[in-house]
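Trainee: Please find one structure pasted underneath; my questions will follow.
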Amino acid sequence: MNEMTEHDLQAYVDGRLDAGRRQAVEAYLAANPGLAAKAAAYRRQNDAMHTAFDAIADEPVPARFRKPARATWPALSYAAMAGCLAVGLATGWMVREPAVSPAALAAARSPLTPVSFARQAAVAHAVFSPEVLHPVEVGADQEPHLVKWLSKRLGVDVRPPDLNPAGFQLIGGRLLPATSGPAAQFMYQDARGQRLTLYVRTHGPDTQETAFRYEKSDGVGVFYWIDRDLGYALSGDIDRARLLEVAKIVYQQLAG
Amino acid sequence: MGRGSNSLAGDELAMWNNDRLIEEQIPRLRRYARALTGDAMRADDLVQDTLERAWTKFALWRPGSDLRAWMFTIMHNVFINQISSARAQQEYLPLEDDALEVAVEPAQEHALDMRDLIASLGQLSTEYREVLLLVGLEDLSYEEVAKVLNIPIGTVMSRLSRGRERLRKLMAGEAATPLRRVK
Chain V
1 MNEMTEHDLQ
11 AYVDGRLDAG
21 RRQAVEAYLA
31 ANPGLAAKAA
41 AYRRQNDAMH
51 TAFDAIADEP
61 VPARFRKPAR
71 ATWPALSYAA
81 MAGCLAVGLA
91 TGWMVREPAV
101 SPAALAAARS
111 PLTPVSFARQ
121 AAVAHAVFSP
131 EVLHPVEVGA
141 DQEPHLVKWL
151 SKRLGVDVRP
161 PDLNPAGFQL
171 IGGRLLPATS
181 GPAAQFMYQD
191 ARGQRLTLYV
201 RTHGPDTQET
211 AFRYEKSDGV
221 GVFYWIDRDL
231 GYALSGDIDR
241 ARLLEVAKIV
251 YQQLAG
Chain G
1001 MGRGSNSLAG
1011 DELAMWNNDR
1021 LIEEQIPRLR
1031 RYARALTGDA
1041 MRADDLVQDT
1051 LERAWTKFAL
1061 WRPGSDLRAW
1071 MFTIMHNVFI
1081 NQISSARAQQ
1091 EYLPLEDDAL
1101 EVAVEPAQEH
1111 ALDMRDLIAS
1121 LGQLSTEYRE
1131 VLLLVGLEDL
1141 SYEEVAKVLN
1151 IPIGTVMSRL
1161 SRGRERLRKL
1171 MAGEAATPLR
1181 RVK
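Order-wise, the sequence lines are chains V and G.
The numbering of the first sequence is the numbering used here, which starts it at 1 and goes up by one.
The numbering of the second sequence is the numbering used here, which starts it at 1001 and goes up by one.
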C-alpha cells in the first residue's frame, strides 16, 4: 500500500477493516512509526473511554427514569389505594376517584379544588409515610439534586423548607402524579420517628380558594393552602396544634 | 375501581411494550450522557429529557430500524438545544475525582489514561466530543453517527480525525491552540 486514506486509519483504529485491508494498513504503519504511534494512541483513547464510563451502563436504572404516567404509576396507584384501605383511611370518595389515565395526565391542568387537593395529599401521606424501605425516591443527602429535579418536573421552583426548628428533619422526597400533572412530596421525621409530609403541586389559573384550611380523615390531619402558583398540603398523624405550628413555619419559609 | 380492573387492554399493552423497548436503552444513554456532559446530575437530566421526548414521539420511530440510533438522535437534539440556550459548553465539568469513582478499580496502566481522558474530553469542543464518543464508546457505525448528528459522513470522518488528534495532544500535555470552529 503506497497511500493510506484518513478513513483507513480511523477504521483501523476502530477495528472496522476487513482482514485484507487491515494487513495493508499494518504494513503501511510499520513503515511509518510516527503514524503508528498516533494510531496506538487513538486506540488507547477508545479503551480509556470504556474504562472510564462502562460502569455507568452497568448500574441499575434509577427509579426516576421509569415512565411515570402510564407504565409504572397505574400499578402503583392501585396498590396505593389498597394501601389506604389497609391503613383504614378509606372512605367512599376513594372508590369514586378515577384512576389517573395517560389522557388525564396529558390534558391541560385543571383548576385545583382545595378539597380534592387535600385528599390527594392525605392519600399520598398514608401510602408513603409508613414505608420502611423506600419512604422517598431521593434522599435528603442529595437535596440539591432533589430540588433541581422536582423543580424541573413541576416547572416552578420548589424546595423543602427547613423544619428543624420544629424538630423535624428532612428524609427526602418523591415525584407523584396529581389528577392532571406532577406533584412533589417531601417527607420529614422527628426524633421519635413521627413523619410529616409536605405535598406540593401547581394549580390551575381559576383557583379562587387561597385560605389556610384544615381537614382530617382517619387520623391524618392536613393543613392546606395556596400561595401564588403552588398549592401546599402538610399532612401528619399528629395533633392539630402541633401540625399547625409546623404549617406556619412552612408557610413563612416558602413565602419569604 | 374504574380503569383498574380492565387496564392493559390492547392499546395500553402496546404502549407498555414500547416503553419497555425504550427502557432497555437507558443504561447506554446514561453512559453516553455522562461522558458527554462530564457531570452525573446534568447527564441524568439529559437522559430524563431524552426519555420524555422519546415517550411522546415513539410513534415516529420506524419499527425494525435501530432504536438505539433513534434515541441517540433525540439525545443529540436535546443536548444541542440545552447548550445553545445555556452556553453549557463552557460548563463541562471534568469532575476528575468524582468521575473517577465510576471506574471499578481499573488496571494501573489504564488509570492514568483515564484520568487524562476525562480531563481532556472536557476541553474538546462539543462537535468533536460527540463524534469521538459515539464511535469509540458507543460503537456506532460511521453511517449511524452521520444520521444521529445529521451531518455528512465526510464530516464525521474529518471530525473523528481532528478530534482524535486534538485529544491525543491534550492527553499528552501538548498545548494546542483551541479549535473553535469545525467544518
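All residues carry an ideal CB built from backbone N, CA and C; glycine is no exception.
The structure presented is a predicted model; accordingly, all values stated were derived computationally and were not measured.
Short of 7 Å in beta carbon distance, which residues of its chain neighbour residue 191 of chain V, apart from the five on each side in sequence? Order them along the chain.
Mentor: Within the first sequence, the letter at position 191 stands for residue 191 of chain V. For residue 191 of chain V, where only same-chain residues beyond five positions count, the Cβ hits under 7 Å are 167.
Trainee: Would you mind stating whether residue 1046 of chain G and residue 1079 of chain G have Cβ atoms separated by less than 8 Å?
Mentor: As a first step, residue 1046 of chain G must be located in the second sequence, where it is residue number 46. As a first step, residue 1079 of chain G must be located in the second sequence, where it is residue number 79. Cβ atoms of residue 1046 of chain G and residue 1079 of chain G: closer than 8 Å.
Trainee: Find the residues of chain G that neighbour residue 228 of chain V, judging by a C-beta separation of less than 7 Å, and give them in chain order.
Mentor: Here residue 228 of chain V refers to the residue found at position 228 of the first sequence. Correct list: empty, because the minimum Cβ distance to chain G is about 25 Å.
Trainee: Cβ atoms of residue 136 of chain V and residue 193 of chain V: under 8 Å apart, would you say?
Mentor: In the first sequence, counting from the first residue as 1, residue 193 of chain V sits at position 193. In the first sequence, counting from the first residue as 1, residue 136 of chain V sits at position 136. Going by C-beta atoms, residue 193 of chain V is not nearer than 8 Å to residue 136 of chain V.
Trainee: Is it a yes or a no for the region 152-164 of chain V touching the region 173-190 of chain V, going by three-plus beta-carbon pairs under 8 Å?
Mentor: Output reads yes: the region 173-190 of chain V touches the region 152-164 of chain V.
Trainee: Taking contact to mean at least 3 C-beta pairs separated by less than 8 Å, is the region 1022-1037 of chain G in contact with the region 40-59 of chain V?
Mentor: Contact holds: three or more Cβ-Cβ distances are below 8 Å.
Trainee: Helix, strand or coil, according to DSSP, for residue 1055 of chain G in the structure here?
Mentor: Here residue 1055 of chain G refers to the residue found at position 55 when the second sequence is read from its first residue. In this structure, residue 1055 of chain G counts as helix in the three-state DSSP scheme.
Trainee: Would residue 126 of chain V and residue 215 of chain V qualify as a contact pair, given that the criterion is a beta-carbon distance under 8 Å?
Mentor: Translated into positions along the first sequence, residue 126 of chain V becomes position 126. Translated into positions along the first sequence, residue 215 of chain V becomes position 215. Not in contact: residue 126 of chain V and residue 215 of chain V (Cβ atoms no closer than 8 Å).
Trainee: Is residue 176 of chain V closer than 8 Å to residue 124 of chain V when the C-beta atoms are compared?
Mentor: In the first sequence, residue 124 of chain V corresponds to position 124, counting from 1. In the first sequence, residue 176 of chain V corresponds to position 176, counting from 1. In this structure, residue 176 of chain V lies closer than 8 Å to residue 124 of chain V by Cβ.
Trainee: Considering only C-alpha positions, which residue in the set G/1167, G/1042 and G/1077 is nearest to residue 1118 of chain G?
Mentor: Here residue 1118 of chain G refers to the residue found at position 118 when the second sequence is read from its first residue. Per the Cα distances, G/1167.
Trainee: If I follow the unbroken beta strand (DSSP E) through residue 236 of chain V, where does it start and stop?
Mentor: Stepping through the first sequence from its first residue, residue 236 of chain V is reached at position 236. Looking at the DSSP string, the run of the beta strand (DSSP E) that includes residue 236 of chain V is 230-236.
Trainee: Looking only at DSSP bridge pairs, what is residue 214 of chain V linked to?
Mentor: For the purposes of this step, residue 214 of chain V is taken as the residue at position 214 of the first sequence. Partner(s): V/223.
Trainee: In the DSSP assignment, find the beta strand (DSSP E) that holds residue 170 of chain V and state where it starts and stops.
Mentor: Position 170 of the first sequence, counted from the start, is the residue given in the question as residue 170 of chain V. Here the beta strand (DSSP E) through residue 170 of chain V covers 169-177.
Trainee: Distance, Cα to Cα, residue 1058 of chain G vs residue 1070 of chain G?
Mentor: On the second sequence, position 58 is the one that residue 1058 of chain G refers to. On the second sequence, position 70 is the one that residue 1070 of chain G refers to. About 10 Å.
Trainee: Nearest to residue 44 of chain V by CA position, among G/1164, G/1174 and G/1173, is which residue?
Mentor: To locate residue 44 of chain V, count along the first sequence from 1; it is residue 44. Residue 44 of chain V has its Cα closest to that of G/1164, out of G/1164, G/1174 and G/1173.
Trainee: Could you confirm whether any beta carbon from chain G is found closer than 8 Å to the beta carbon of residue 61 of chain V?
Mentor: Your numbering for residue 61 of chain V matches position 61 in the first sequence. By this cut-off, residue 61 of chain V is an interface position.
Trainee: Spatial neighbours of residue 25 of chain V within its chain, please: C-beta separation below 8 Å, excluding the five flanking residues on both sides.
Mentor: Here the question's residue 25 of chain V lines up with position 25 in the first sequence. 1, 4, 8, 9, 12 and 17, listed in sequence order.
Trainee: Taking C-alpha atoms, which residue in V/235, V/254 and V/120 lies nearest to residue 228 of chain V?
Mentor: On the first sequence, residue 228 of chain V is found 228 positions in, with the first residue counted as 1. Ranking the options by Cα distance to residue 228 of chain V, first place goes to V/254.
Trainee: One question on the structure: do residue 1160 of chain G and residue 1130 of chain G come within less than 8 Å of each other, judged by their Cβ atoms?
Mentor: In the second sequence, residue 1160 of chain G corresponds to position 160, counting from 1. In the second sequence, residue 1130 of chain G corresponds to position 130, counting from 1. No, Cβ-Cβ distance for residue 1160 of chain G and residue 1130 of chain G is not below 8 Å.
Trainee: Name the residue from V/223, V/247, V/184 and V/142 whose alpha carbon lies nearest to the alpha carbon of residue 154 of chain V.
Mentor: Walking along the first sequence from the start, residue 154 of chain V turns up at place 154. When each option's Cα is compared against that of residue 154 of chain V, the closest is V/184.
Trainee: Is the shortest distance between the beta-carbon of residue 1102 of chain G and the beta-carbons of chain V less than 8 Å?
Mentor: Working through the second sequence from its first residue, we reach residue 1102 of chain G at position 102. Low confidence applies to residue 1102 of chain G: its pLDDT is 44, below 50, so where it sits in the model is not reliable enough to give any reading.
Trainee: For residue 49 of chain V, go through chain G and note every residue whose CB falls closer than 7 Å to its CB, in chain order.
Mentor: Sequence index remark: in the first sequence, residue 49 of chain V carries index 49 (1-based). Within chain G, the residues near residue 49 of chain V are 1035, 1117, 1133, 1136 and 1137.
Trainee: Name, please, each residue of chain G whose Cβ falls closer than 9 Å to the Cβ of residue 38 of chain V.
Mentor: Within the first sequence, the letter at position 38 stands for residue 38 of chain V. Result: 1164, 1165 and 1168.
Trainee: Compute the Euclidean distance between the alpha carbons of residue 1156 of chain G and residue 1138 of chain G, then round it to the nearest angstrom.
Mentor: Along the second sequence, read from residue 1 onward, the residue named residue 1156 of chain G stands at position 156. Along the second sequence, read from residue 1 onward, the residue named residue 1138 of chain G stands at position 138. Approximately 15 Å between the Cα atoms of the pair.
Trainee: Taking Cβ-Cβ distances below 8 Å as the criterion, which residues of the region 1044-1075 of chain G are in contact with chain V?
Mentor: Here the close residues are 1044, 1045, 1047, 1048, 1051 and 1055.
Trainee: Mind checking residue 1035 of chain G: buried by the 16 CB within 10 Å criterion, or exposed?
Mentor: By one-based count along the second sequence, residue 1035 of chain G stands at place 35. It counts as buried.
Trainee: For residue 196 of chain V, name the three-state secondary structure that DSSP assigns.
Mentor: On the first sequence, position 196 is the one that residue 196 of chain V refers to. Reduced to three states, the DSSP call for residue 196 of chain V is strand.
Trainee: Just tell me which of V/42, V/221 and V/151 has its CA closest to the CA of residue 1132 of chain G.
Mentor: As a first step, residue 1132 of chain G must be located in the second sequence, where it is residue number 132. Checked all of V/42, V/221 and V/151; the closest Cα to residue 1132 of chain G is V/42.
Trainee: Taking just the CA atoms, how far does residue 218 of chain V sit from residue 144 of chain V?
Mentor: In the first sequence, the residue the question calls residue 144 of chain V occupies position 144. In the first sequence, the residue the question calls residue 218 of chain V occupies position 218. Roughly 34 Å between the two C-alpha positions.
Trainee: Please compile the residues from chain G whose C-beta is within a distance smaller than 7 Å of the C-beta of residue 46 of chain V.
Mentor: Translated into positions along the first sequence, residue 46 of chain V becomes position 46. Within 7 Å Cβ-Cβ: 1136.
Trainee: Taking just the CA atoms, how far does residue 133 of chain V sit from residue 957 of chain G?
Mentor: Chain G is shown from 1001 up to 1183; residue 957 of chain G falls before or after that span and cannot be answered.
Trainee: Rounded to the nearest angstrom, what separates residue 1122 of chain G and residue 240 of chain V at their Cα positions?
Mentor: Residue numbering aside, residue 1122 of chain G sits at position 122 when the second sequence is read from its first letter. Residue numbering aside, residue 240 of chain V sits at position 240 when the first sequence is read from its first letter. In a straight line, the C-alpha of residue 1122 of chain G is about 54 Å away from that of residue 240 of chain V.
Trainee: Rounded to whole angstroms, what is the Cα-Cα separation between residue 1061 of chain G and residue 221 of chain V?
Mentor: For the purposes of this step, residue 1061 of chain G is taken as residue 61 along the second sequence, with counting starting at 1. For the purposes of this step, residue 221 of chain V is taken as residue 221 along the first sequence, with counting starting at 1. Going from the Cα of residue 1061 of chain G to the Cα of residue 221 of chain V covers about 48 Å.
Trainee: In the DSSP assignment, the alpha helix (DSSP H) including residue 324 of chain V goes from what residue to what residue?
Mentor: Absent from the structure is residue 324 of chain V, since the part of chain V shown begins at 1 and ends at 256.
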